[in-house]
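Per our numbering, residue -12 is the first one in the sequence shown, and the count goes up by one each step.
For every residue, glycine included, the Cβ atom is placed at its ideal position computed from N, Cα and C.
Worksheet: the structure to be examined is printed underneath.
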Amino acid sequence: MERDGNLKPWGSLFCKTAETVVQRFYKRQLLNDIKSYMQIKQLLLVILLILFHNQQLVAQQNATQKFSGTVSSDDGLPIPGATVKIGEYIRVTDNKGEFSFDQIIPKSYTISIVYIGFKPIRKSITIGEKQKNRIEFVMDATTHELKNVDVVGRTKVTEVNRQAFNVTALDATKMHNSTLDIAGALDRVAGVRVRETGGLGSNFNLSLNGFSGNHIRFFLDGVPMDNFGSSFQINNIPINIAERIEVYKGVVPMWLGADALGGAVNIVTGDRFRNYIDVSYSIGSFNTHRSVINAAATSKSGFTVQLNAFQNFSDNNYKVTVDASDINTGQYSPGTRVKRFHDQYHNETVIANVGVVDKSFADKLLFGVTLGQNYKEIQTGARMVSVFGQWHRRGNMIMPTLKYQKKDLIKGLDLNFNANYNFGKEQNIDTAYRRYDWFGNYKQYEGKGSERTRTMYKYGNNAGLATTMLNYKLNDNHSFALSNVFSTFDRKGSDEINPSNNAYEQKQKTNKNILGLGYMFNTADHWSLNLFSKYIIQNSIVGQQNLNQTTTQSQFGYGLATSYNFNRNLQLKASYEKANRMPEATEIFGDVENFEGNSNLKPEVSDNVNVGLMYSFSLQDVNRFSISANAIYRNASNFIYYQFNQNQSKLVAGNRDGVTNFGGDIEARYSFKDWLTAGVNVTYQNIINQQEYEGNPPVLSPVYKDRMPNIPFLYGNGDVAFSFKNVGKKGNNLSFGYNLLYVHAFYLYWPSRGTSGDKYGIPKQLSHDVNLLYSLKNGRYNISAECKNLNDALLYDNFSLQKPSRAFYLKLRYFINKTA
-12 MERDGNLKPW GSLFCKTAET VVQRFYKRQL LNDIKSYMQI KQLLLVILLI
38 LFHNQQLVAQ QNATQKFSGT VSSDDGLPIP GATVKIGEYI RVTDNKGEFS
88 FDQIIPKSYT ISIVYIGFKP IRKSITIGEK QKNRIEFVMD ATTHELKNVD
138 VVGRTKVTEV NRQAFNVTAL DATKMHNSTL DIAGALDRVA GVRVRETGGL
188 GSNFNLSLNG FSGNHIRFFL DGVPMDNFGS SFQINNIPIN IAERIEVYKG
238 VVPMWLGADA LGGAVNIVTG DRFRNYIDVS YSIGSFNTHR SVINAAATSK
288 SGFTVQLNAF QNFSDNNYKV TVDASDINTG QYSPGTRVKR FHDQYHNETV
338 IANVGVVDKS FADKLLFGVT LGQNYKEIQT GARMVSVFGQ WHRRGNMIMP
388 TLKYQKKDLI KGLDLNFNAN YNFGKEQNID TAYRRYDWFG NYKQYEGKGS
438 ERTRTMYKYG NNAGLATTML NYKLNDNHSF ALSNVFSTFD RKGSDEINPS
488 NNAYEQKQKT NKNILGLGYM FNTADHWSLN LFSKYIIQNS IVGQQNLNQT
538 TTQSQFGYGL ATSYNFNRNL QLKASYEKAN RMPEATEIFG DVENFEGNSN
588 LKPEVSDNVN VGLMYSFSLQ DVNRFSISAN AIYRNASNFI YYQFNQNQSK
638 LVAGNRDGVT NFGGDIEARY SFKDWLTAGV NVTYQNIINQ QEYEGNPPVL
688 SPVYKDRMPN IPFLYGNGDV AFSFKNVGKK GNNLSFGYNL LYVHAFYLYW
738 PSRGTSGDKY GIPKQLSHDV NLLYSLKNGR YNISAECKNL NDALLYDNFS
788 LQKPSRAFYL KLRYFINKTA
């Protein structure tokens, strides 16, 4: 029987089937009245209607066509990020200004295209076999203010925030005139605390909804930063490098390819500008100097050169309050205000890429290298009772890179490949046999000794990485993704003043592979669903007394994220992940400075649940409000946390049987016209120890059900900014901003142990920052002034390790873009 679009054969078939069914029912004496007979007729009618509807859908799908096009400016340059709307379908143009609708029913539509700074396009089009289904659109630039225009477009930051995942995206371009680094910007995000041990270049620990350290993964344009070394960390990367920063809380998308337990941070550099230069320099307190150069040049043939370079320098000689004793006289001076005298830091980094873009064989093919070096003097140990005057470390970074991207490798299939290998070295130098006090005095001792451990150990944390991402788009509603991330770590080193120490010759090596599979379903900006799974396998080799201990561990995880948009202003989202994390190399082997290794660590497992709500509205088109609230639940086993070692000179990682966290964050923002913005966010997290028994033989733990120590549980931020246009001259703008940071007091040690006087509570933290910016010629020239810690508060994120006192900074920035 052939299907020619006529329903008659189908109807005949179902009539015969119905007769057979009726006969059988009669034989079994199951149809005893007219009512049952009428029910079967109704059932047959429903089946026929469904078949008819499905046939219509099939016919419509068979009749759909692809419609695509490009959007460019009136000077011929592509416009990335423009919003294209046809009916209920919305697309955003890519870096080449292109968009595509895979399945459009042939008929007449009204297409609208909007992008800030250009006149909106709104015109009628007809899609059909005889019409041209690829159109080039040209947008005219405008300097006039838009009034009474319904702009349906969203920025890339807004699009990221509307993902089904619990994610917050920061628009880094709005902070390019500040002296912030990536860590400083993250510290203003709800649910995030960046805890530093001192000033510029100090060690840091990012806490995200209660999980911290290696529970959180960092990425640069989707590439893991695990092997970037000490020369390239979030607290020395200037904000000017980034276009936006994405913070994924708890549940991490499969495409990032990470075994993160508590979340991920993705720094997106972007390539919005093909021909530009962005140069800035800042000077400030404590002899601090920071400079940045970002530039790119792209020819019409597609040949491109990209450069990012930055340097940071600071003496970090800010004042701290300590209990000091004169090493020569023994005179004790409690609560004395002294300057740090051995805390200088500097680093220099260059990222260079050369290659081609917009070719038939590659949308992007770049060969590059990242070069960096850093020098860091070490003033204190894990606590400020220890003070050093000569101990220091230095390191470098030599990392060749390869980046390849191709859309529609075959129709609907996109490929993204990245590879790098870090040949850099680190060196820990402690050869001065001296003892220092906080006044800078010292005692010199005879013989061979040191301030802590005599060493000139030079080693390479040589690490390689290869990531592959395949994304197949079946149609506008369905897509599939496959990712694989392979990483390797191999520490090798030697000590020229202690060559006989065979501990340096022991193997310290890991290999890890993460395989991910995902599926995504979307329905025209209303409902989205992400399903994903990850399989992780890690092999570790730990050398001990000329014997190699090999450990292989594997874990399987999975998750989902879904969101529903009730309308343009109200969104509900929820996500879940069975998350796994393997112990990191620095946790297994230590970091040769302040962290001691533990080769017996087990993989962490956590059930992570997020539920969130986003709502925005406006009053009289001038008052705009937005509120976002997120509730979280974490239930982790084999939780890796840090505590002091036996002599309290280093930190060491260990496992706890179980830790739970229930909490959430809320953020509210308000803006009035285009000259006032304000916002506030608050985070609460209740992280509880669920290990009931400990020791050997096991006994009831005295800290069972205690809140986990040394982790803030209540904190928040507030900000307000005023902007004034055409100050002094048209195109010159003036803005003033204020930021508030609050951290509630918390205990360093277990709350159930000891008295309130010997648990060393970390007190409440409250600091204020202000900034002033004057921008000339529509942002070409910029000058800004900042004051951090205006109230000169005593601030420290870790017990007794004090952060900088009041500081002032001045920044000059020049930016020019060929399209500007």
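How many whole angstroms separate the CB atoms of residue i and residue j, which I take to be in contact at a CB cut-off of 8 Å?
i           : j           : result
residue 254 : residue 280 : Residue 254 to residue 280, Cβ: 18 Å. No contact.
residue 204 : residue 251 : 5 Å
residue 299 : residue 267 : Actually they are not in contact, since the Cβ atoms of residue 299 and residue 267 sit about 12 Å apart, beyond 8 Å.
residue 452 : residue 211 : 6 Å
residue 98  : residue 66  : Rounded, the Cβ-Cβ distance is 15 Å, inconsistent with contact.
residue 562 : residue 617 : Wrong, their Cβ atoms sit about 10 Å apart, outside the cutoff.
residue 818 : residue 577 : What is shown of the chain runs -12 to 807, which leaves residue 818 out entirely.
residue 79  : residue 100 : Not really, about 11 Å apart at Cβ, beyond 8 Å.
residue 523 : residue 569 : 6 Å
residue 114 : residue 124 : So it is not a contact: roughly 15 Å between Cβ atoms.
residue 654 : residue 666 : 7 Å
Whole angstroms are fine: how far does the CA of residue j sit from the CA of residue i?
i           : j           : result
residue 415 : residue 353 : 34 Å
residue 526 : residue 502 : 15 Å
residue 731 : residue 427 : 34 Å
residue -9  : residue 112 : A caution first: residue -9 carries a pLDDT of 41, below 50, which makes its placement in the model too unreliable to give a value.
residue 31  : residue 91  : With a pLDDT of 47 at residue 31, under the threshold of 50, the modelled position of this residue cannot be trusted; read the value that follows with caution. For residue 31 and residue 91, the distance between alpha carbons rounds to 33 Å.
residue 724 : residue 142 : 23 Å
residue 288 : residue 378 : 52 Å
residue 138 : residue 669 : Legend: pLDDT at residue 138 = 41, less than 50; position of this residue unreliable, no value from coordinates given.
residue 344 : residue 291 : 7 Å
residue 384 : residue 417 : 22 Å
residue 799 : residue 739 : 52 Å
residue 790 : residue 305 : 8 Å
residue 168 : residue 434 : 43 Å
residue 229 : residue 560 : 27 Å
residue 639 : residue 574 : 8 Å
residue 794 : residue 273 : 8 Å
residue 331 : residue 361 : 11 Å
residue 134 : residue 609 : Residue placement at residue 134 is poorly supported in this model, since its pLDDT is 39, which falls under 50; the coordinates are not used for a value here.
residue 779 : residue 178 : 25 Å
residue 480 : residue 632 : 24 Å
residue 144 : residue 530 : 47 Å
Can you tell me which of the options puts its alpha carbon nearest to the alpha carbon of residue i?
i           : options            : result
residue 60  : 571, 771, 68       : 68
residue 438 : 451, 424, 449, 447 : 424
residue 547 : 101, 150, 662      : 150
residue 766 : 512, 83, 720       : 720
residue 645 : 156, 615, 678      : 678
residue 322 : 333, 574, 307      : 307
residue 460 : 516, 411, 404, 399 : 399
residue 505 : 342, 474, 458      : 458
residue 146 : 507, 360, 512      : 512
residue 77  : 509, 432, 421      : 509
residue 436 : 445, 394, 419      : 419
residue 763 : 535, 406, 164      : 164
residue 161 : 778, 722, 753      : 722
residue 170 : 282, 222, 362, 262 : 222
residue 258 : 376, 82, 520       : 82
residue 153 : 196, 225, 172, 238 : 238
Less than 8 Å between the beta carbons of residue i and residue j, yes or no?
i           : j           : result
residue 749 : residue 759 : no
residue 314 : residue 430 : yes
residue 271 : residue 166 : yes
residue 792 : residue 776 : yes
residue 53  : residue 88  : yes
residue 557 : residue 602 : yes
residue 567 : residue 542 : yes
residue 470 : residue 241 : yes
residue 701 : residue 657 : no
residue 355 : residue 421 : no
residue 244 : residue 497 : no
Which whole runs of the beta strand (DSSP E) in the region 444 to 510 are 3 residues long or more, in chain order? Segments of the beta strand (DSSP E) lying fully in the region 444 to 510: 445 to 460, 465 to 481, 495 to 510.
Give the list of continuous beta strand (DSSP E) stretches no shorter than 3 residues that lie fully inside the region 546 to 582. DSSP runs (the beta strand (DSSP E)) wholly in the region 546 to 582: 557 to 568.
Sequence ranges, beta strand (DSSP E) only - wholly within the region 637 to 702, length at least 3: With a minimum length of 3 residues, the continuous beta strand (DSSP E) runs that stay inside the region 637 to 702 are 638 to 659, 663 to 676.
Taking the runs of the beta strand (DSSP E) that are 3 residues or longer, which of them lie wholly in the region 321 to 351? You should have 332 to 344.
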